[in-house]
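One rule links them: number in the numbering used here = place in the sequence shown (from 1) + 6. Just so it is clear, CB atoms sit at the ideal spot from N, CA and C, and this is done for glycine as well. To start, the structure under review is shown below, and the notes come after it.
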Amino acid sequence: MMYMGTPRDYEFYVATRVMLRSLGELKVDADLVVIASMDVPHHWAQALEQEDGAKVMRVNNIQNPYSNQSNFDWRFKLTLNKLYAWNLVDYERVVMLDADNLFLQRTDELFQCGQFCAVFINPCIFHTGLFVLQGNLLQPSVDGVSMTLIHELEKDLRLRWSVPCGPNSVITFPGAPWLKPWYWWSWPVLPLGLQWHKHRLQTLGYGAEMPIVLIQAVFYVGIMAVARLARPNISKLCYRREEKSIFFIQLGYKLIAMWSILAAYIVPFFLIPHTIHPLIGWSLYLLGAFSLSCIATNAFLLPMLPVLVPWIEILGTLVVMAFPWYPDGVVRAISVFAYSFCCSPILWMSLSKIMSSLQISLEREAFLPRLGENASPSGFNKLY
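Pasting the structure below:
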């Protein structure tokens, strides 16, 4: 199902195409149907049909009757469009899927379900990212939700799977919206995210994102080259002035330096294309953070190693989290916590070193004369 109106429309479009390609590679004996709202771009729907082999069912958006509630999550504004799945009466069974599903092998056993099968998150809520239904033409109602459907489900609702058990054939990622597998930063938090990107690399590829990645990489390398060749000195901000102004000037100078270092680690994160491969994304992030840290280091004459301590610790965190031989997730979480606990004192010492270096630079600059001021002591005349 696809609809527009969220900040992540393109990401879900890419995810839908990867899922369709993975199903096509498995040669599933079923039609692939995408329920797409009328506002989905035409070239997107055309790509789904011509390149991914799917049938696109164009529908009008169903307004959500709960959208006026104060605690309503706007991510689910048009989620009731899933009700159109019951209009697929030409099919004996329909497997309704969200885009965050990854198929490892054929899932023919899903079609052995009864009228309705779902995986329950708790006794009151079932997961709508993967469920099986039997088509039943819906009748429209006032609030957009078919009461006929609800009554039919109440009569014959199967609360558990009744299919043969076998090896895992599908992985779903129902977690936080910012930890979906197609986001480069979701790995190594989600180790199985690499499986999703493996399918994308083999099917859709990364041709849309690579030009932006190459441009950013060249830009960061250029920054490092300029910073290496031209080491600018700090501005002479602390000449002899009144005692009242020195404190504020020094405080502002320290704040600018610290914000520059912080920005060096934040800015690259938001510039990287969200759906790039995690290995490329993290490599580009580390390159960008290193290059921007060089600017802060040279501009404020800071020691390089303390400024790069966060960079080294981020790299170490990735290594610890990506270690493939943990027996279970508990051991993995304990290892990450222990690593973070050990790194905290080092991070604090690096911060102290940076502040000490800034203070020394300010004290040294405070003894420099003002611009245009004669450096020779007053009261002495030149002797010939």
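| said: Extract the residue ranges of the alpha helix (DSSP H) inside the segment 37-106, only unbroken runs of 4 or more that lie entirely within it. | reply: Note on the segment 37-106: whole alpha helix (DSSP H) runs with a minimum of 4 residues are 48-56, in chain order.
| message | Distance check for residue 134 and residue 127, CA to CA, integer angstroms please. | response | Near 10 Å, if we compare the C-alpha coordinates of residue 134 and residue 127.
| said: Helix, strand or coil for residue 133? Go by DSSP, reduced to three states. | reply: Of the three classes helix, strand and coil, the one that applies to residue 133 here is strand, per DSSP.
| message | Quick check: the Cα distance between residue 290 and residue 117, rounded to an integer number of angstroms? | response | Going by C-alpha positions, residue 290 is about 43 Å away from residue 117.
| Under a three-way DSSP split, which group does residue 281 fall into? | Here residue 281 sits in coil by DSSP.
| query | Looking only at C-alpha atoms, which of 84, 309, 338 sits nearest to residue 365? | reply | It is 309 whose Cα lies nearest to the Cα of residue 365.
| task | Give every residue of the same chain whose Cβ lies closer than 8 Å to the Cβ of residue 28, excluding the five residues on either side of it in the sequence, and list them in chain order. | result | Correct list, in chain order: 108, 109, 205, 209.
| said: Taking the beta carbon of residue 23 as the centre, do at least 16 other beta carbons fall within 10 Å, making it buried, or is it exposed? | reply: By the Cβ-count criterion, residue 23 is buried, with 16 or more other Cβ atoms from all chains shown falling within 10 Å of its own Cβ.
| request: Taking residue 41 as the reference, give the member of 33, 78, 32, 101 with the closest Cα. | output: Of the listed residues, the one whose Cα sits closest to residue 41 is 101.
| said: Under DSSP, the beta strand (DSSP E) around residue 395 begins and ends at which residues? | reply: Since the first residue of the chain shown is 7 and the last is 390, residue 395 is not available in this structure.
| task | Tell me whether residue 182 sits in a helix, a strand or coil according to DSSP, three-state version. | result | Annotated three-state conformation of residue 182 is coil, per DSSP.
| Cα-Cα separation between residue 104 and residue 176, rounded to whole angstroms | For the pair residue 104 and residue 176, the Cα-to-Cα distance works out to about 12 Å.
| said: Using the three-state DSSP reduction, which class does residue 347 fall into: helix, strand or coil? | reply: Helix at residue 347.
| Given 8 Å as the limit, is there contact between the segment 186-199 and the segment 259-266, that is, 3 or more CB pairs closer than that? | The way I'd put it, the segment 186-199 doesn't touch the segment 259-266; fewer than three beta-carbon pairs between them come closer than 8 Å.
| field | Nearest residue (CA-CA) to residue 285, options 191, 297, 275, 227 | value | If we check each option's Cα against that of residue 285, 191 comes out closest.
| If you draw a straight line from the C-alpha of residue 15 to the C-alpha of residue 83, how long is it? | Here the alpha carbons of residue 83 and residue 15 stand approximately 13 Å from one another.
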